[in-house]
Amino acid sequence: MSQQASQQTAIPPPITVSVADFQKIEALLDMPAYRKLPGIAALQSELDRANVVDVADMPADVVAMHSTVRFIDDVSKQEFSLTLVYPQEAGSPDAVSVLAPVGSALLGLSPGQTIAWQVPGVRSLSLRVLSVQPPA
């Protein structure tokens, strides 16, 4: 099955990622400990299609590393507020790792955007960003 097919047939929304976040996440994806995690290929695909901008040009309302994002899963109708973090920072219940399926899906989105995302071995999510609080 192709990566495209595994992420459903819907065209994903455009995403924006800062060059700093892009480089740090790419470095994580090169680490042997993370290469075989479920969903890593999908995250790499997201990075490959991202509009990468200088940190100074990163819009404040786009989900970046250490942003707090309020979103809803349109399938389950559950609403969440989580901070997007690197894996080593993901110990608290209000944080989500960028390597987790939900974290990968949210990266680079802005309020109003929705993305369909396949959770490995489970179900499909439809995440809609409601608001973004930029990193402190």
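Each residue of the sequence shown is one higher than the one before, counting from 19 in this note's numbering.
By construction, the Cβ of each residue, glycine as well, lies at the ideal position given by its N, Cα and C atoms.
Tell me, which residues are paired with V70 by DSSP?
Indexing the sequence shown from 1 puts residue 70 at position 52. Looking at the DSSP assignment, V70 forms a beta bridge with V35.
C-beta contact flag for P31 and S85 at 7 Å:
Position 13 of the sequence shown, counted from the start, is the residue given in the question as residue 31. Position 67 of the sequence shown, counted from the start, is the residue given in the question as residue 85. Not closer than 7 Å, so no.
Just the Cα atoms here: how many angstroms apart are I29 and A123?
On the sequence shown, residue 29 is found 11 positions in, with the first residue counted as 1. On the sequence shown, residue 123 is found 105 positions in, with the first residue counted as 1. Rounded to whole angstroms, I29 to A123 spans 13 Å at the Cα level.
May I ask you to report which of helix, strand or coil DSSP gives Q131?
Within the sequence shown, the letter at position 113 stands for residue 131. Looking at Q131 - three-state DSSP - the assignment turns out to be coil, as it is neither helix nor strand.
As a quick exercise: from G130, K42 and W135, pick the residue whose alpha carbon is nearest that of F89.
Along the sequence shown, one-based indexing puts residue 89 at 71. Considering only alpha carbons, the answer is G130.
Using the three-state DSSP reduction, which class does R88 fall into: helix, strand or coil?
The residue given as residue 88 occupies position 70 in the sequence shown. Three-state result, R88: strand.
Nearest residue (CA-CA) to S142, options A118, L117 and D91:
Position 124 of the sequence shown, counted from the first residue, corresponds to residue 142. Ranking A118, L117 and D91 by Cα distance to S142 puts D91 first.
Three-state secondary structure assigned by DSSP to V120:
Residue 120 sits at position 102 when you count from the first residue of the sequence shown. Three-state result, V120: helix.
Where does A113 sit, in a helix, a strand or coil, going by DSSP?
Counting from 1 along the sequence shown, the entry for residue 113 is found at position 95. Strand.
R53 - containing alpha helix (DSSP H), residue span
Within the sequence shown, numbered from 1, the residue matching residue 53 stands at position 35. Start and end: P50 to R53.
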